[in-house]
Amino acid sequence: MNDTFEDRLLAALKAEMAARPEARPVAAARRMTGRRILTGAAVLGVAATAAVAVPMVIGAQTPAYALTKNADGSINLKINEFRDPDQVEKDLADMGVRADITYLPLGKRCADGRAPFVDGDRTTTTSEELRSKDPAVQEELRKRMEKTVSYKAIRPKNGITIYPRYIRPGQIVMIEVAENPVEPTVDKPGVAWQFSGRLTEGPVKPCQVVDQPGAFEIGDATPPPGS
Amino acid sequence: MRLRQTGLADIADDPVAFEAFYRRHFEAVTRFLARRVGDPHAVADLTADVFLAVLDSAHTYRPGKGSEIAWLYGVARNTMLAERRRSARESRANSRIAGRRLLESDDVSRLEDRIDAESPARRAMEAMAGLPENDRALLELVAVDGLSPAEAAAALGIRQGTARVRLHRARRALRQIPGVVPPLVMEGHR
């Protein structure tokens, strides 16, 4: 990484972008929050989302990503560099998985409503529960999330592990990965990247980038098991 | 990957789209600058300035009004004009990224090679130095940078009809200097 003037200038420009004040996306984020609260106790789709604080090791010669097929039929995706998501999609397609991969900077996400939820992801969750800071409620939500078909199909395990046996024909694996432009170090710990993934029948709309406040919070900085 | 479909305006907000744009055009930008500046450090500074200007003005790009490269050359040209207007003393202090500080010796020799490779283009531009500024700017973009007359018109923000008239006038003026026009055109379209 950062081998040439071209690479170093790109890194400097990206840092400049990250430092710039935001305009348009904030308004969109605010709108979504309002709608979500209005939903009240209605049936919500809960995306199998896991915030994972993963320390990343990047060597000069590592490829942008590695796809490995495991003996149990699962596919392991390890991202070393956040470039070329199109090629990841093509390689996954060769392995029989339709995927839509989006790379974002940490602190951003795609706005809600990009694609319909699959039936196996529907759980009854109230907005009080979603907002709750009570560990017991959060634990219960996490359990519910782990029961969703999306979580079974796309897990934050050893990077990202995809289980094709949980993917029905025609379903698309939709993954968003957000990278911290500042690489965390031992001295300055931080969230290296975050990912969310779920299944959808499509169509998948273009990503409308919105803010994700709190993305940089590292909690107790303990990576979840298996990551 | 769908981000790219949402248009150039997103490159200012979206690092993925910006990186794709940057990788697509980095070389064209350094070549554009190497035709006009003979010093690798100045080329590096200006390259940084051009892409910073891209971030600031991505929202001004209108796909219907010309190609990305035409828009980008317009931005590059304005960046160079702004640089020339500034006095030498204040010029670098205001830039947010000092491109030359990102150079290592390999990069410098690569840029020197590029500058050498563009020397015929620089000679061609010297031959045009006597033309009125507006005509010269247009002829440079067409004969040296390889834009179509329509693209060059978009880069300069002028009507296509105006561009045709100016091009015709500039070519006729140059034809009066023996030996200039044929190499100019051939080298411009490499």
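Same order as they appear, the protein sequences are chains V and E.
Heads up: the first sequence begins at 12 in our numbering, then just goes up one per residue.
Heads up: the second sequence begins at 5 in our numbering, then just goes up one per residue.
Beta carbons: idealized from backbone N, C-alpha and C, even for Gly.
Within chain E, the residues whose beta carbon sits less than 7 angstroms from that of Glu-17/V are Phe-30, listed in sequence order. Contact of Ala-23/V with chain E is assigned, a C-beta pair being separated by under 8 angstroms.
Cβ-Cβ distances below 7 angstroms link Arg-31/V to nothing in the same chain once the five nearest sequence neighbours on each side are left out. 8 angstroms or more divides the Cβ of Leu-151/E from the Cβ of Leu-143/E.
A direct Cα-Cα distance of roughly 44 angstroms separates Arg-118/E from Val-184/V. If you ignore the 5 residues before and after Leu-115/E, its C-beta comes within less than 8 angstroms of the C-beta of Thr-34, Ala-38, Pro-44, Val-47, Ala-48, Leu-107, all in its own chain and listed in chain order. Straight across, the Cα-Cα distance linking Arg-176/E with Arg-81/E is about 24 angstroms.
A check of alpha carbon separations from Ala-22/V across Arg-40/E, Phe-55/E, Met-132/E, Gly-42/E identifies Phe-55/E as the nearest. Excluding the 5 residues flanking it on each side, Glu-23/E has no same chain C-beta neighbour closer than 8 angstroms. Excluding five sequence positions before and after Ile-90/V, the CB atoms of its chain that fall closer than 6 angstroms to its own CB belong to Tyr-76, given in chain order. Contact between Phe-206/V and Val-221/V is absent: CB atoms are separated by about 17 angstroms, not below the 8 angstroms threshold.
The shortest CA-to-CA distance from Ile-165/V to any of Pro-146/V, Lys-158/V, Ile-173/V is the one to Ile-173/V.
Just so you know, the alpha carbons of Glu-151/V and Val-129/V end up roughly 21 angstroms apart. Rounded to whole angstroms, the Cβ separation of Ala-156/E and Ala-74/E is 7 angstroms, and the two are in contact under 8 angstroms. Interface with chain V (8 angstroms Cβ-Cβ cutoff): Ile-73/E is excluded.
Under the 10 Å beta carbon count, Gln-182/V is surrounded by 16 or more other beta carbons and is classified as buried. DSSP places Ile-119/E within a helical segment (H, G or I) once states are collapsed to three. Fully enclosed alpha helix (DSSP H) runs of no fewer than 4 residues occupy 44-61, 72-89, 92-95 of the stretch 28-111 of chain E, in order along the chain.
For Leu-115/V, there is no enclosing alpha helix (DSSP H); the residue is found in the beta strand (DSSP E) stretching over 110-116.
Annotation for Glu-150/V: the continuous alpha helix (DSSP H) segment containing it runs 146-158. Against chain E, the CB of Glu-212/V has no partner CB under 8 angstroms away; the residue lies outside that interface. Interface with chain V (8 angstroms Cβ-Cβ cutoff): Ala-48/E is included. The residues His-29, in chain order, have a CB closer than 6 angstroms to that of Leu-76/E in the same chain once the five nearest residues on each side in sequence are set aside.
DSSP places Ile-15/E within a helical segment (H, G or I) once states are collapsed to three.
The Cβ atoms of Gly-208/V and Ser-143/V do not sit closer than 8 angstroms to each other.
Arg-140/E is a Cβ neighbour of Ala-174/E, given a cutoff of 8 angstroms. At least one CB atom of chain E sits nearer than 8 angstroms to the CB of Met-28/V.
Contacts between Phe-55/E and chain V, judged by CB atoms closer than 8 angstroms, involve Leu-20, Leu-24 in chain order. Less than 8 angstroms divides the Cβ of Ala-52/E from the Cβ of Gly-103/E.
For Cys-121/V, the pairing in a beta bridge is given by DSSP as Val-220/V.
Residue state for Ser-113/E is assigned as helix, using DSSP reduced to three classes.
Look at Thr-166/E here: in three-state DSSP terms it is helix. Residue Pro-175/V holds the alpha-carbon nearest to the alpha-carbon of Ala-82/V among Pro-224/V, Pro-175/V, Gln-223/V, Pro-217/V.
Out of Arg-27/E, Arg-170/E, Leu-178/E, Ala-32/E, the CA that lies nearest to the CA of Glu-130/E is found in Leu-178/E. CA-to-CA, the gap between Met-132/E and Leu-171/E works out to about 12 angstroms.
Residues of the same chain with a CB within less than 7 angstroms of the CB of Asn-138/E, apart from the 5 flanking positions on each side, are Arg-170 in chain order.
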